[in-house]
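Working notes for the structure below.
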Amino acid sequence: MKFFIDTANLKDIAEAQALGVLDGVTTNPSLMAKEGITGADNIIAHYKKICELVEGDVSAEVISTDFEGMVREGEALAALHPQIVVKLPLIADGIKACKYFSDKGIRTNVTLVFSAGQALLAAKAGATYVSPFIGRLDDISTDGLNLISEIRMIYDNYGFQTQILAASVRHTMHIIDCAKLGSDVMTGPLSAIKGLLKHPLTDSGLAQFLLDYQKGNK
Ligand code: G3P
1 MKFFIDTANL KDIAEAQALG VLDGVTTNPS LMAKEGITGA DNIIAHYKKI
51 CELVEGDVSA EVISTDFEGM VREGEALAAL HPQIVVKLPL IADGIKACKY
101 FSDKGIRTNV TLVFSAGQAL LAAKAGATYV SPFIGRLDDI STDGLNLISE
151 IRMIYDNYGF QTQILAASVR HTMHIIDCAK LGSDVMTGPL SAIKGLLKHP
201 LTDSGLAQFL LDYQKGNK
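Under full-length UniProt numbering, think of the first position of the sequence shown as 1, with each following residue one higher.
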């Protein structure tokens, strides 16, 4: 399973990259705003900085909600850097734009996916990635992980190449469950990735090893 980090925070991206397990970055307008990155020029400069920090795919989201606007923005974003993946919302014009970019060989991430039917449409439009938001489904008492299973089954039934990018991952168990269910990618915060490191038996075992080494090497 590929690990993407879901943030526009350069420090967190650099820390995940330094860990050696990072395969890419996802951003969205809310994550950009959270870092105080506003205005088209600053946002574009920020995408470039992210691409220089990491080696993998970097999702950059369009703001337009009409086909022509999405195409215009998406082409400009894709031209910024070869690592950029154009992120499109799952609305009718987003699906049309996805098909347009797919036909042109420009990679896409179809976002704001909350149902298996939406994921099926994204795959048929040739999306590179589809982003089901599991945490936001959990927030409304709906099993987000069940959506990952449904999409996995549908994509496997027909051999769709679209990669399932589990998004709105909030914690470590989400990552483990997505891996069990065969999600191709997960995107989550640094805290969830670092949470995978933790086990008290690792800490106590290491402390004991170091103690025993010191005893035997006095
Ligand atoms: O990857 C999608 C993500 O940014 C949304 O996460 O935690 O706002 O639901 P969240």
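All C-beta atoms in this analysis are idealised placements derived from N, C-alpha and C, irrespective of residue type, glycine included.
Just so it is clear, the structure is predicted and the values come from calculations on it, not from any experiment.
The residues Met32, Ile37, in chain order, have a CB closer than 7 angstroms to that of isoleucine 43 in the same chain once the five nearest residues on each side in sequence are set aside. Separation of glutamate 68 and isoleucine 106 (C-alpha to C-alpha, rounded to the nearest whole angstrom) is 16 angstroms.
Proximity to serine 183 across Gln83, Asp66, Ala122, Leu147 peaks at Leu147, based on C-alpha coordinates. In the DSSP assignment, isoleucine 50 falls within the unbroken alpha helix (DSSP H) covering 40-53.
In terms of Cβ geometry, valine 21 and isoleucine 50 do not form a close pair [threshold 7 angstroms]. For threonine 111, the enclosing beta strand (DSSP E) stretches over residues 108-113. Taking isoleucine 134 as reference, the option from Met173, Leu10, Asn9 with the minimal CA-CA separation is Met173. Between the alpha carbons of asparagine 109 and aspartate 212 lies a distance of about 51 angstroms. Counting along the chain, glycine 74 sits inside the alpha helix (DSSP H) bounded by residues 67-80. Excluding its 5 nearest sequence neighbours in each direction, arginine 170 has C-beta neighbours in its own chain below 6 angstroms: Gly135, listed in chain order.
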